[in-house]
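Every letter in the sequence shown is one number past the one before it in my numbering, and letter 125, counting from 1, is 127.
We treat Cβ as the ideally placed atom computed from N, Cα and C, and that holds for glycine.
The next block holds one structure in the form of structure tokens; read it before the comments.
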Amino acid sequence: MKKIRTILLASVTMLVALTSLANHPWLTRVYQYRPAPGQFINTLPACRVGEPIDSVLARCRASICGRIDTTTFTFHGELVTRIDTVWAESMISLGGYGGYVVVGFDHPVVNMHGYDFEIWGNAFYSDQTSNGGSCEPGIVMVGVDSDGDGVPSDGDRWYELAGSEYGHPSTQHDYTITYYRPDENKQRTPSTTDPSLNDTTYIRWTSNDVNPDSTSGYMSRNTFHNQPYWPLWLQDEETLTFSGAKLRCNAFNMGGAGANAYFVLNYFGWGYVDNMPNNPARRPQEGTVYNPGFKIDWAVDENGRPANLTHIDFVKIYNAENQYCGWIGETSTEVAGGIDYHPDAELPVPITGDVNLDGEVTVSDINAVVDVIFQGGYVAAADVNRDGEVNVSDINAVVDLIVR
Ligand SMILES: [Ca+2]
Ligand SMILES: [Ca+2]
Ligand SMILES: [Ca+2]
Ligand SMILES: [Ca+2]
3 MKKIRTILLA
13 SVTMLVALTS
23 LANHPWLTRV
33 YQYRPAPGQF
43 INTLPACRVG
53 EPIDSVLARC
63 RASICGRIDT
73 TTFTFHGELV
83 TRIDTVWAES
93 MISLGGYGGY
103 VVVGFDHPVV
113 NMHGYDFEIW
123 GNAFYSDQTS
133 NGGSCEPGIV
143 MVGVDSDGDG
153 VPSDGDRWYE
163 LAGSEYGHPS
173 TQHDYTITYY
183 RPDENKQRTP
193 STTDPSLNDT
203 TYIRWTSNDV
213 NPDSTSGYMS
223 RNTFHNQPYW
233 PLWLQDEETL
243 TFSGAKLRCN
253 AFNMGGAGAN
263 AYFVLNYFGW
273 GYVDNMPNNP
283 ARRPQEGTVY
293 NPGFKIDWAV
303 DENGRPANLT
313 HIDFVKIYNA
323 ENQYCGWIGE
333 TSTEVAGGID
343 YHPDAELPVP
353 ITGDVNLDGE
363 VTVSDINAVV
373 DVIFQGGYVA
383 AADVNRDGEV
393 NVSDINAVVD
403 LIVR
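So, in structure tokens, the structure goes:
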């Protein structure tokens with residue numbers, strides 16, 4: 003028995019050393035959580051009136067971040083510490099269109115030019131169709147901690163991961179929606195056709211939708227979810243406004259009217275959270291029916307130009323659908339955790355002046371700076387003299403490096 007105890011203690015010591023050195027593969031940080039109203043708001047996660055935002059964020063972390071748990075107990079008269087890696091496998095809901103969460107790892111995610119990371123949702127397929135089921139796509143934005151303060155802040159750059167629908171003519175890239183806080187005590191207007199909808203004028207919204215028939219509407223309340231749908235810690239806000247890209251509606255009713263409706267939400271090709279079931283293997287698997295993950299190489303700037311990022315520090319996920327499906331309610335992206343596929347990858351040391359990131363400073367980098375200047379926007383590698391903008395002085399800086 004003495005021998006067993008020694009082995010246990012030895013292995014525990016080794017584990018401590020490993021876990022304190024290595025980067026964790028899972029999400030460890032939730033920086034911001036600002037959901038739109040929805041039927042799972044205030045329950046996923048549970049929140050109360052006036053709750054401080056730090057407490058709300060802690061609830062989100064408990065739902066979607068991984069952690070190391072240590073348990074110390076007595077084993078044959080000796081104190082033994084057991085270490086468990088815990089994958090938090092609950093989830094949070096982002097509510098209606100635009101609701102978002104900003105998360106991160108305990109390290110930058112390095113661009114390895116393949117599938118780099120995964121964010122999990124709770125999508126599942128219907129057995130009535132091969133095209134979808136409950137697929138509620140959220141768009142992924144990636145952020146770089148440009149100002150180096152370790153948190154998402156005004157000085158940081160953000161890029162959209164251009165998924166399969168980025169260039170689709172029905173994707174509206176400049177969408178903005180505003181929700182209006184409801185009076186929880188007002189007279190309800192139940193649906194005349196669907197008994198599960200007990201207030202069809204619950205939460206009003208307006209938007210700049212290019213379709214004039216879709217510029218305003220209501221989020222209904224249903225009998226399955228009776229808590230307030232407005233975030234309870236945001237009771238002082240009269241309105242909530244969200245902006246981003248909006249994907250076309252993906253829901254089809256394969257059933258009848260009202261309570262007999264059978265909604266199927268079709269999945270899109272690739273590049274969205276909660277769009278396909280999570281990959282149980284937790285590693286990239288091209289061509290499977292699971293979400294294979296996300297590539298940092300998909301990042302584009304506000305002009306749609308490849309961002310050529312070496313790494314990212316933050317990930318923002320927002321619901322990209324403004325869609326209401328009868329008794330199953332509004333379409334809402336859920337976030338259930340995430341993983342960096344290569345947490346121990348080393349950040350490449352950037353070469354000043356290597357604007358096109360091919361490993362050397364040549365005339366082609368001058369052309370790359372010129373391209374950025376003509377097309378507008380900001381590309382970090384093109385800001386060769388690091389003054390926060392890309393202009394002629396950066397061309398001169400590359401020339402200096404070449405002739406030096
Ligand atoms: Ca920052
Ligand atoms: Ca979902
Ligand atoms: Ca170069
Ligand atoms: Ca510059």
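Residue i and residue j closer than 8 Å at C-beta
i    : j    : result
V112 : E288 : no
I43  : S65  : no
Y33  : V153 : yes
I319 : V337 : yes
D396 : V363 : no
W272 : S166 : yes
A399 : V381 : no
Y102 : K297 : no
R69  : V88  : yes
T333 : A253 : yes
G140 : N321 : yes
Span of the beta strand (DSSP E), counted from its first residue to its last, around residue i
i    : result
I205 : 199–209
R84  : 80–88
I368 : Where I368 is concerned, there is no enclosing beta strand (DSSP E), although the alpha helix (DSSP H) it sits in stretches over 365–377.
R159 : 159–163
L311 : Counting along the chain, L311 falls outside any beta strand (DSSP E), and DSSP gives it neither H nor E.
S136 : 134–136
S172 : Per DSSP, S172 belongs to no beta strand (DSSP E) and is neither H nor E.
S395 : Element bounds for S395: not the beta strand (DSSP E) but the alpha helix (DSSP H), 394–405.
T76  : 69–77
V266 : 265–268
Sequence-distant residues of the same chain with beta carbon closer than 8 Å to residue i, five excluded per side
i    : result
N133 : V266, N268, Y269
W300 : L163, A164, G165, G273
P54  : W235
H227 : Q41, F42, T45, G331
T178 : S209, N210, T243, F244, S245
7 Å CB neighbourhood of residue i in its chain, flanking five on each side removed
i    : result
R190 : N200, D201
E304 : G379
M114 : H344, A347
P230 : N44, E186
N358 : S366, D367, A370
P110 : H313, I314, D315, L349
L59  : V32, Y35
F119 : V111, G295, F296, G340, I341, D342, Y343
L23  : Residue placement at L23 cannot be trusted, given a pLDDT of 48 that sits under 50; what the coordinates show is reported in the next sentence. Cβ neighbours of L23 beyond the five flanking positions: none.
V392 : V371, V374, I375, Y380, V381, A384, D385
Unbroken alpha helix (DSSP H) run spanning residue i, endpoints
i    : result
F226 : Segment: none, F226 is in no alpha helix (DSSP H) and carries neither H nor E.
R183 : Run containing R183: none; DSSP gives neither H nor E here.
R63  : 55–66
Cut-off 6 Å between Cβ atoms - residues of its own chain near residue i, not counting five sequence neighbours on either side
i    : result
S92  : S65
M143 : W160, E162, K318
W28  : G68, I341
L242 : Y181
G97  : P37, A38, P39, G40, I43, S334
Examine the Cβ distances between the region 271–279 and the region 105–125 and report whether three or more of them are shorter than 8 Å. yes
Looking at C-beta atoms only, is the number of pairs between the region 256–267 and the region 233–240 that lie closer than 8 Å three or more? no
Which residues have a Cβ closer than 7 Å to any heavy atom of ligand 4, listed in chain order? D385, V386, N387, R388, D389, G390, E391, V392, N393, S395, D396
As a quick check of your reading: which residues have a C-beta less than 7 Å from at least one non-hydrogen atom of ligand 2, in chain order? G123, N124, A125, S136, E138, D276, S334, T335, E336
Touch check for the region 177–187 and the region 202–209: three-plus C-beta pairs under 8 Å? yes
Indicate whether the contact test is met: 3 or more Cβ pairs, each with one atom in the region 211–223 and one in the region 323–332, closer than 8 Å. yes
Beta carbon shell of ligand 1 at less than 5 Å from a heavy atom: D147, D149, D151, S155, D158
Could you name the residues, in chain order, whose CB is less than 5 Å away from a heavy atom belonging to ligand 3? D356, N358, D360, D367
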